[in-house]
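Presented below is the structure to which this report refers.
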Amino acid sequence: LPAQVEELLHHAATDEGPPLLTSCVLHFGLVYLRPFTAGNGRMARLWQRRLLMDHWPVFGFLPVEAFVHRTEPAYHAALEYADRTGDCTGFLTYMLERIDEALAELLAMPDPVLSSAERVERFLRQAPSRAFRRKDYLTFFPGLSTATATRDLAQAVQAGLLERKGEKRRASYLRT
19 LPAQVEELLH
29 HAATDEGPPL
39 LTSCVLHFGL
49 VYLRPFTAGN
59 GRMARLWQRR
69 LLMDHWPVFG
79 FLPVEAFVHR
89 TEPAYHAALE
99 YADRTGDCTG
109 FLTYMLERID
119 EALAELLAMP
129 DPVLSSAERV
139 ERFLRQAPSR
149 AFRRKDYLTF
159 FPGLSTATAT
169 RDLAQAVQAG
179 LLERKGEKRR
189 ASYLRT
């Protein structure tokens with residue numbers, strides 16, 4: 019058994035395939051081999067998370083395990099079917115769906131509240147090098163009020179990040 023676990027871990031560490039799939043295979047392999055007297059599922063999820071974190075640090079914060087717990091009967095059914103038939107495709111699909119759900123939930127979260135300076139910095143990273151107007155800034159930040167956009171741009175002018183030409187609604191801005 020130790021040699022099989024070592025071989026599985028070596029395969030996971032050196033596999034050239036997609037890391038998402040490799041992590042699911044590692045998870046299945048650890049549960050299938052049952053190297054511990056208890057907690058094989060928890061250890062498998064831990065190793066899967068660790069492997070995914072090596073490629074994408076966000077997996078350190080992504081609650082994939084919570085999605086597994088919400089559908090625990092399906093988790094056990096997929097494992098049992100794979101164990102019985104020798105085909106782990108259903109389990110891999112199950113795990114990839116849980117990862118997809120966790121990522122979808124993360125992406126659905128609203129952006130954190132940004133400060134004026136952070137908004138201007140984000141806009142300037144994406145903005146064209148030509149002059150732009152306040153409406154371009156508002157298009158980039160659709161939830162922003164015109165008053166807040168005006169304040170942001172005025173602060174950027176004061177900070178020397180932008181140069182303003184014109185007045186009020188006709189004003190245009192250019193990077194300095």
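Numbering-wise, the sequence shown is residues 19 to 194 according to this note's numbering.
Don't be surprised by glycine CBs; every beta carbon is placed ideally from N, CA and C.
- Can you give, in chain order, each stretch of the alpha helix (DSSP H) that sits fully within the stretch 110 to 173 and has at least 4 residues? 134 to 144 and 152 to 158
- Item | Beta-ladder partner(s) of L180, from DSSP | Here the question's residue 180 lines up with position 162 in the sequence shown. Answer is R193.
- Message: Using only the alpha-carbon positions, how far apart do I117 and W74 sit?
- Response: As a first step, residue 117 is located in the sequence shown; it is residue number 99 there, counting from the start. As a first step, residue 74 is located in the sequence shown; it is residue number 56 there, counting from the start. About 13 Å.
- Item | Backbone CA spacing between M61 and P91 [nearest angstrom] | Working through the sequence shown from its first residue, we reach residue 61 at position 43. Working through the sequence shown from its first residue, we reach residue 91 at position 73. Cα to Cα, M61 sits roughly 18 Å from P91.
- Expected contact under 8 Å - CB spacing of Y112 and A122 to nearest Å: Residue mapping note: residue 112 aligns to position 94 of the sequence shown, counting from 1. Residue mapping note: residue 122 aligns to position 104 of the sequence shown, counting from 1. With 8 Å as the limit, Y112 and A122 do not qualify as a contact, their Cβ atoms being about 16 Å apart.
- Per-residue burial, H45 [other beta carbons within 10 Å of its own, 16 or more giving buried]: Stepping through the sequence shown from its first residue, residue 45 is reached at position 27. Its Cβ being crowded by 16 or more others within 10 Å, H45 is buried.
- Using beta-carbon positions only, say whether L27 and P53 come within less than 8 Å of one another. On the sequence shown, residue 27 is found 9 positions in, with the first residue counted as 1. On the sequence shown, residue 53 is found 35 positions in, with the first residue counted as 1. In this structure, P53 does not lie closer than 8 Å to L27 by Cβ.
- Message: Quick check on V49: buried or exposed, where buried means 16 or more other Cβ atoms within 10 Å of its Cβ?
- Response: Against the sequence shown, residue 49 aligns to sequence position 31. It is buried - the Cβ of V49 has at least 16 other Cβ atoms within 10 Å.
- Element boundaries [alpha helix (DSSP H), containing R67]: By 1-based counting over the sequence shown, the position of residue 67 is 49. Per DSSP, R67 belongs to the alpha helix (DSSP H) from N58 to H73.
- Task: Report the residue from R68, A126, S147 and T40 whose alpha carbon sits nearest the alpha carbon of F109.
- Result: Against the sequence shown, residue 109 aligns to sequence position 91. The candidate whose alpha carbon is nearest that of F109 is T40.
- Spatial distance of D101 from C42 (CA atoms): Working through the sequence shown from its first residue, we reach residue 101 at position 83. Working through the sequence shown from its first residue, we reach residue 42 at position 24. The alpha-carbon atoms of D101 and C42 are separated by roughly 15 Å.
- Quick one: give me the first and last residue of the alpha helix (DSSP H) that C42 is part of. Counted from its first residue, the sequence shown places residue 42 at position 24. Element bounds for C42: P37 to L51.
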